[in-house]
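Note sheet for the following structure.
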Amino acid sequence: MDSVQVVTTDDILLKLCHSVSHVLSSTSDSQVTHAGMVQNITRTCLKPDLGCFSIFDGGFSGLVVINFSKEAAIEIYRRYMINMGMPESELAFSHTSDDVGNVMGELMNQILGNFIKTVSKELQTSISQSQPKMLTINKELTISIDTNLDEAVSRRVSFKTADNHIFYLEFAMDKTEFIKLKEFELDEEFDPDSLIEAHRNTQGEADKSTAKKDPAVVVADDADDLLSELGL
1 MDSVQVVTTD DILLKLCHSV SHVLSSTSDS QVTHAGMVQN ITRTCLKPDL
51 GCFSIFDGGF SGLVVINFSK EAAIEIYRRY MINMGMPESE LAFSHTSDDV
101 GNVMGELMNQ ILGNFIKTVS KELQTSISQS QPKMLTINKE LTISIDTNLD
151 EAVSRRVSFK TADNHIFYLE FAMDKTEFIK LKEFELDEEF DPDSLIEAHR
201 NTQGEADKST AKKDPAVVVA DDADDLLSEL GL
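Per the working numbering: the sequence shown = residues 1 to 232.
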């Protein structure tokens with residue numbers, strides 16, 4: 001008999017760490033990594049220089065806090081904007097800039113979106129998030145959820161940017177376990193851009209052949225076929 005697969009709170013934390021590393025690495029076109037060790041803490045805090053937090057609820061409840069040093073925040077912000085095609089001369093240099101706060105808040109939103117998608121697919125449960133809040137602060141602030149967690153578990157994990165700047169993820173959630181009852185297939189990820197590109201490549205030669213046979217033919221039907229593939 002196969003052993004029962006159990007997903008613990010720390011396994012869920014690891015999924016969140018992977019989301020942080022994946023989103024920040026891909027959007028900034030650089031390497032962001034997390035430590036192999038996790039720290040057990042008693043409370044979650046917002047710390048200088050730039051703190052961001054969001055609450056999630058649903059299948060389980062919790063709080064995510066990311067504390068960036070000004071150096072880490074500026075590095076990630078500038079790499080992200082340059083990767084998006086913005087000229088370096090137009091970028092902010094101070095972590096107190098509204099532009100920096102807005103970008104870091106958007107990145108936090110993408111991180112949680114990736115995490116929620118992973119949880120939904122791999123744990124077959126649903127959670128929702130609050131709008132991330134980004135604050136420029138100069139002193140430590142204790143932050144907690146307004147509802148009691150079920151045997152709260154709090155952890156801290158350190159991350160490192162490509163330029164070796166450190167920032168921290170703090171995480172508090174219910175102590176919980178997910179037990180796999182039966183085998184199931186993970187839902188395949190649907191990428192409309194990939195489908196459109198594949199359709200364009202496969203139809204290219206057919207379009208040329210049709211045009212040669214009858215130049216007056218307009219290949220408008222291809223658009224209808226593509227919309228049908230997309231389910232629209």
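Glycine included, every Cβ here is placed at the ideal spot set by N, Cα and C.
Since this is a predicted model, take the numbers as computed values, not measurements.
{"Query": "P48 beta carbon less than 8 Å from that of N138", "Result": "yes"}
{"Query": "Span separating the alpha-carbon of A172 from that of K15", "Result": "14 Å"}
{"Query": "A92 versus S28 - alpha carbon distance", "Result": "16 Å"}
{"Query": "Pick from V103, H18, I55 that is closest to D239, judged by C-alpha positions", "Result": "The structure shown does not extend to residue 239, since the chain is modelled only from 1 to 232, so the question has no answer here."}
{"Query": "Spatial distance of K182 from Y77 (CA atoms)", "Result": "43 Å"}
{"Query": "Nearest-angstrom Cα separation, counted from K117 out to L195", "Result": "For L195, the predicted structure reports a pLDDT of 48, less than 50, and the residue's modelled location is therefore unreliable. A value from the coordinates is still provided. Approximately 20 Å between the Cα atoms of the pair."}
{"Query": "Rounded straight-line distance, which links the Cα of R156 to that of L141", "Result": "15 Å"}
{"Query": "C-alpha gap between K180 and V6, whole angstroms", "Result": "6 Å"}
{"Query": "Among F53, I74, V4, nearest to S144 - alpha-carbon criterion", "Result": "F53"}
{"Query": "Beta-carbon proximity list for Q129, same chain, < 6 Å, skipping 5 on both sides", "Result": "S54, F56, L112"}
{"Query": "Beta-carbon separation (whole angstroms), F159 vs S69, contact threshold 8 Å", "Result": "In fact, because the Cβ distance is near 11 Å, the residues do not count as touching under 8 Å."}
{"Query": "Rounded separation between M104 and P132 - CA only", "Result": "10 Å"}
{"Query": "Cβ pair S154, I41 closer than 8 Å", "Result": "yes"}
{"Query": "C45 - partner residues in DSSP beta bridges", "Result": "T142"}
{"Query": "Proximity winner among A72, R43, M37, relative to L50 (alpha-carbon distances)", "Result": "A72"}
{"Query": "Span of the beta strand (DSSP E), counted from its first residue to its last, around P185", "Result": "Just to set this straight, residue 185 is Glu in the shown sequence, not Pro. Taken as a continuous stretch (DSSP letters only), E185 belongs to no beta strand (DSSP E), as it is neither H nor E."}
{"Query": "M1 classed as buried or exposed, judged by whether at least 16 other C-beta atoms fall within 10 angstroms", "Result": "With a pLDDT of 42 at M1, under the threshold of 50, the predicted position of this residue should be treated as unreliable, and no value is reported."}
{"Query": "Bridge-paired residues (DSSP) for D57", "Result": "S128"}
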